[in-house]
Amino acid sequence: MKNFSRRSFLERVSLGTVAAAALPSLSLADVNTFQGRKLNIALVGLGRYAGYLAEGLQTAQHCKLAGIVTGTPSKAEDWKKRYNIPDNNIYNYKNFDEVSRNKDIDVIYVVLPNAMHKEYAIRAAKAGKHVIVEKPMAITEQDCREMIDACNRAGVQLAMGYRLHYEPYNMEIKRLGQEKVFGKLKLIEASLGYRSADPSEWRVKKALAGGGPLMNLGVYCVQVARYVSGEEPTSVTAQFGPITNKLVFTEVEESITWQLQFPSGLVATSSSTYNCRIDRFFASAEEGFFELSPAISYGPFKGRTSNGDEMNFPEINQQGVQCDEIAKVLLANQKLPDHISGKEGMQDVKIMQAIYKAAETGKRIAI
Ligand code: NDP
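Residues in the sequence shown are numbered consecutively from 3, following the numbering used here.
Below, the structure written as structure tokens:
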């Protein structure tokens with residue numbers, strides 16, 4: 003890699019022709035070799051979260067918003083002016099595959115409704131572009147596997163848009179848990195919910211969302227239990243909550259609660275809901291506890307431990323930092339870290355499928 007000319011490096015980044023498995027191991031200092039070069043990201047699906055990403059990308063050092071893919075011509079006009087996007091980098095869902103010929107786009111970031119992630123991740127991979135996918139990765143484990151396979155076949159890398167892996171408060175609870183600072187973990191409680199009552203939202207349509215608040219919000223609760231404990235759950239029990247709004251929740255659950263059992267004896271109990279606001283994490287260990295609330299949203303976060311310590315970390319632009327960290331790795335032509343890999347996203351989807359099965363059957367489901 004060090005012997006590549008800058009031009010051949012850029013072509014390889016752009017065409018994504020380096021198989022992830024063959025990526026050479028370089029220090030991130032090598033990013034400096036490409037000083038001034040920013041990774042060009044195109045966002046697919048210009049909805050609410052794409053707006054956050056676009057603003058975050060304005061703060062990024064190593065990547066920029068270079069392109070957009072949208073089905074709404076008025077958004078194309080608006081974004082083109084607001085973010086100075088060249089006409090050549092603007093696509094719709096029909097002509098999207100032509101991005102394969104566009105050397106000014108390195109990465110496709112899929113920010114579409116959940117059930118569309120698979121199709122656009124696979125089309126992006128076939129176009130030779132690295133892929134970032136929003137959570138949840140897809141709606142079935144099989145879909146996730148196909149996405150991973152497509153990226154491997156195309157020799158491009160696949161990243162989950164797991165913003166909390168760059169968020170200091172969450173990385174602190176990961177450290178406290180994995181380093182067993184308060185001893186062995188016994189119980190985790192992590193819940194995320196907000197009130198939603200819009201029957202036209204794709205999030206309440208099973209075909210597009212794959213499920214209700216579990217798919218949308220519960221994925222974070224599953225994630226946090228896994229990265230704080232460093233363990234994989236072996237079985238799950240779960241219960242659907244009552245449906246209080248029968249007009250809206252005809253296809254997906256309104257609330258769900260579940261209990262993940264881990265090999266060490268740890269239990270992680272969580273709820274995700276569209277019926278009330280909740281955003282908290284609590285871990286009880288043999289010699290104390292640590293907690294965050296808010297814990298999962300965009301902050302500002304607040305955390306404390308049983309030592310009486312208040313956590314005090316800088317607030318960051320989560321989207322900007324996440325994209326920058328991914329960009330640094332891709333610019334250095336390194337392999338993306340496992341904790342944001344497609345395999346990681348697939349494991350969360352697998353666990354969520356087991357949670358649904360447990361709630362539907364009333365049985366403990368092995369994972
Ligand atoms: P929105 O509904 O706000 O936006 C989705 C966009 O997708 C639409 O604006 C539209 O863009 C495009 N789209 C294409 N086909 C459809 C369709 N059939 N129905 C609806 N939209 C369609 O959703 P969000 O931005 O909130 O969520 C998008 C993804 O991002 C989801 O997977 C979600 O889970 C994830 N997300 C992640 C967050 C995080 O914190 N990491 C936070 C919020 C969401 P266009 O008009 O340009 O075609």
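Glycine is no exception: its CB is placed at the ideal position from the N, C-alpha and C atoms.
Computed from a predicted model, the values in this text were never measured in an experiment.
Selection from CYS278, GLN180 and ALA356 that minimises the alpha carbon distance to THR142: Numbered from its first residue, the sequence shown carries residue 142 at position 140. Ranked by Cα distance from THR142, the first of CYS278, GLN180 and ALA356 is ALA356.
| task | Put THR74 into one of helix, strand or coil per three-state DSSP. | result | By 1-based counting over the sequence shown, the position of residue 74 is 72. In this structure, THR74 counts as coil in the three-state DSSP scheme.
Item to complete: Any chance you could list the beta strand (DSSP E) runs of at least 3 consecutive residues sitting entirely within the region 201-285, in chain order?
Response: Entirely contained in the region 201-285, the beta strand (DSSP E) runs reaching 3 residues are, in chain order, 237-242, 257-263 and 269-275.
- Contact check, ALA287 vs LEU187, beta carbons under 8 Å: For the purposes of this step, residue 287 is taken as the residue at position 285 of the sequence shown. For the purposes of this step, residue 187 is taken as the residue at position 185 of the sequence shown. Going by C-beta atoms, ALA287 is nearer than 8 Å to LEU187.
ask   = Between which two residues does the beta strand (DSSP E) carrying GLY305 extend?
value = Here the question's residue 305 lines up with position 303 in the sequence shown. Segment 305-307, the beta strand (DSSP E) holding GLY305.
Inset, instruction - Report yes if the C-beta distance between ASP99 and ALA140 is below 8 Å; otherwise report no. - result: If you number the sequence shown from 1, residue 99 lands on position 97. If you number the sequence shown from 1, residue 140 lands on position 138. The answer is no: Cβ separation not under 8 Å.
Please classify VAL158: does DSSP put it in a helix, a strand, or coil? Translated into the one-based positions of the sequence shown, residue 158 becomes position 156. Reduced to three states, the DSSP call for VAL158 is coil.
message = Ignoring anything shorter than 4 residues, give me the alpha helix (DSSP H) runs that lie fully in the region 74-105, in order along the chain.
response = Within the region 74-105, the complete alpha helix (DSSP H) runs of at least 4 residues are 75-85.
*Are the beta-carbon atoms belonging to ILE134 and VAL158 less than 8 Å from one another?*
Within the sequence shown, the letter at position 132 stands for residue 134. Within the sequence shown, the letter at position 156 stands for residue 158. Taking 8 Å as the Cβ cut-off, ILE134 and VAL158 do not qualify as a contacting pair.
Beta-carbon of MET149 versus every beta-carbon of chain C: anything under 8 Å?
Structure shown: chain C not included; a single protein chain is present.
Q. Ends of the beta strand (DSSP E) at GLY344?
A. Indexing the sequence shown from 1 puts residue 344 at position 342. That residue, GLY344, is in no beta strand (DSSP E); its alpha helix (DSSP H) goes 344-363.
Checklist entry - Should LEU55 be labelled buried (16 or more other beta-carbon atoms within 10 Å of its own) or exposed? => result As a first step, residue 55 is located in the sequence shown; it is residue number 53 there, counting from the start. Around the Cβ of LEU55, a 10 Å sphere holds 16 or more other Cβ atoms; the residue is buried.
In three-state terms, what does DSSP make of ALA62?
The sequence position of residue 62 within the sequence shown is 60, counting from 1. DSSP places ALA62 in coil when its eight states are reduced to three.
Taking ALA161 as the reference, which of VAL183, GLU136, PRO170 and PHE184 has the closest Cα? Taking the sequence shown and counting its residues from 1, one reaches residue 161 at position 159. The shortest C-alpha separation from ALA161 is found at GLU136.
Problem set entry | Cut-off 6 Å between Cβ atoms - residues of its own chain near TYR196, not counting five sequence neighbours on either side | Here the question's residue 196 lines up with position 194 in the sequence shown. Excluding sequence neighbours, TYR196 sits near ARG279.
>> At a cut-off of 7 Å, would you count ASN97 as near the ligand NDP, judging by its Cβ distance to the nearest heavy atom?
In response: In the sequence shown, residue 97 corresponds to position 95, counting from 1. No, Cβ of ASN97 sits at least 7 Å from all heavy atoms of the ligand NDP.
Rounded to whole angstroms, what is the Cα-Cα separation between PHE184 and GLY290? Indexing the sequence shown from 1 puts residue 184 at position 182. Indexing the sequence shown from 1 puts residue 290 at position 288. Between PHE184 and GLY290, the alpha-carbon positions lie close to 5 Å from each other.
Q. Do you know offhand how far TRP204's Cα is from GLY53's?
A. Here the question's residue 204 lines up with position 202 in the sequence shown. Here the question's residue 53 lines up with position 51 in the sequence shown. Straight-line spacing of the CA atoms in TRP204 and GLY53 works out to 17 Å.
For TYR196, verify whether its CB is less than 7 Å away from any heavy atom of the ligand NDP.
-> One-based indexing of the sequence shown puts residue 196 at position 194. The answer is no for TYR196.
Taking the runs of the alpha helix (DSSP H) that are 4 residues or longer, which of them lie wholly in the region 107-131? DSSP runs (the alpha helix (DSSP H)) wholly in the region 107-131: 119-128.
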